[in-house]
Amino acid sequence: MIHNKYFGILKHYLGNYKKETYGRELLKTSRSSQKNIALTLQDLQKKGVLQSRSSGTLKYYHLNLANPQIKDFLLITELLQKIEFAARHPKIAHIFKQDTRIVGIFGSYAKGTEKKDSDIDLFIVGNKRTIDYDKEGAAFDLNISIKYFSEKQFQQLIVKNPLTNEIFENHVLIFGGERFIDIVWKNKYGLD
Numbered sequence: 007m008i009h010n011k012y013f014g015i016l017k018h019y020l021g022n023y024k025k026e027t028y029g030r031e032l033l034k035t036s037r038s039s040q041k042n043i044a045l046t047l048q049d050l051q052k053k054g055v056l057q058s059r060s061s062g063t064l065k066y067y068h069l070n071l072a073n074p075q076i077k078d079f080l081l082i083t084e085l086l087q088k089i090e091f092a093a094r095h096p097k098i099a100h101i102f103k104q105d106t107r108i109v110g111i112f113g114s115y116a117k118g119t120e121k122k123d124s125d126i127d128l129f130i131v132g133n134k135r136t137i138d139y140d141k142e143g144a145a146f147d148l149n150i151s152i153k154y155f156s157e158k159q160f161q162q163l164i165v166k167n168p169l170t171n172e173i174f175e176n177h178v179l180i181f182g183g184e185r186f187i188d189i190v191w192k193n194k195y196g197l198d
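Going by this note's numbering, 162 is the number at position 156 of the sequence shown; the sequence numbering is gapless.
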């Protein structure tokens with residue numbers, strides 16, 4: 007199982023699998039102390055989840071993409087982020103049922119900067135349905151805006167398209183996490 011202290015660190019890598027960060031940088035968005043962050047980073051490095059490099063007095067950490075379990079750590083982190091989001095927004099969580107498509111939230115709700123009148127931006131990789139989340143959300147007085155992509159479109163656009171880059175950098179996956187990670191892994195980073 008992934009500890010909350012690990013989740014607090016690993017969620018910073020969900021928007022960029024090749025991101026490098028240092029402990030003090032994580033203080034800005036974490037509730038942990040600098041010492042606790044440093045110990046957690048060291049622990050994740052010992053477990054082979056993170057690697058580090060030193061530059062001057064700073065130690066930069068990045069995901070160990072060679073670790074065969076790293077995709078599983080990313081998936082667990084995505085799921086924990088979904089649970090955290092659902093706890094903050096129970097009204098929104100009620101409209102999501104089982105779905106075989108990749109479904110995620112992006113925009114202000116994913117960033118945590120939403121206002122009362124903000125619409126909920128969804129992205130869906132898969133076919134459009136006659137009765138989709140925008141109509142289901144209306145029953146809860148939620149304004150939902152949906153961007154649809156075929157899987158092939160998403161694979162092509164994830165490389166350079168500004169919208170898909172925004173989606174990848176700030177998202178909360180609701181369904182299809184494993185497929186989403188695989189698409190990004192292969193098409194954005196060229197990894198196997």
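We put the CB at the ideal spot given by N, CA and C, even for glycine.
Cβ-based burial, residue i [other Cβ within 10 Å; buried from 16]
| i | result |
| --- | --- |
| K41 | exposed |
| L32 | buried |
| T46 | buried |
| K158 | exposed |
| I180 | buried |
| F186 | buried |
| G196 | exposed |
| N133 | exposed |
| N149 | exposed |
| R37 | exposed |
| I108 | buried |
Cβ neighbours of residue i in the same chain (closer than 7 Å, five flanking residues each side left out)
| i | result |
| --- | --- |
| I164 | T170, F174, I189, V190, N193, K194 |
| M7 | Only weak support exists for where M7 lies, its pLDDT of 44 falling under 50; the value from the coordinates is given anyway. Nothing listed; no residue qualifies. |
| K77 | I187, W191 |
| L85 | G183 |
Contact set for residue i: own chain, Cβ-Cβ below 8 Å, skip 5 residues either direction
| i | result |
| --- | --- |
| S114 | E120, K121, S124, D127 |
Three-way DSSP call (helix, strand, coil) for residue i in this model
| i | result |
| --- | --- |
| T119 | coil |
| H18 | helix |
| I130 | strand |
| F155 | strand |
| I173 | helix |
| G143 | helix |
| G110 | strand |
| V190 | helix |
| F181 | strand |
| I150 | strand |
| L197 | coil |
Chain D within 7 Å of residue i, Cβ atoms only
| i | result |
| --- | --- |
| K65 | This model lacks chain D altogether, as it is built from one protein chain only. |
Assumed close pair residue i, residue j - CB separation to whole angstroms, cut-off 8 Å
| i | j | result |
| --- | --- | --- |
| F129 | F112 | 6 Å |
| Q104 | V178 | That belief does not hold up - the Cβ atoms of Q104 and V178 are roughly 17 Å apart, past 8 Å. |
| N176 | G21 | 6 Å |
Cβ shell of residue i (< 6 Å), same chain only, five flanking positions each side left out
| i | result |
| --- | --- |
| A92 | A99 |
| G6 | The question about residue 6 has no answer here: the residues shown for the chain are numbered 7 through 198. |
What are the start and end residues of each continuous alpha helix (DSSP H) run of 4 or more residues lying completely inside the segment 19-79, in chain order? 29-33, 40-52
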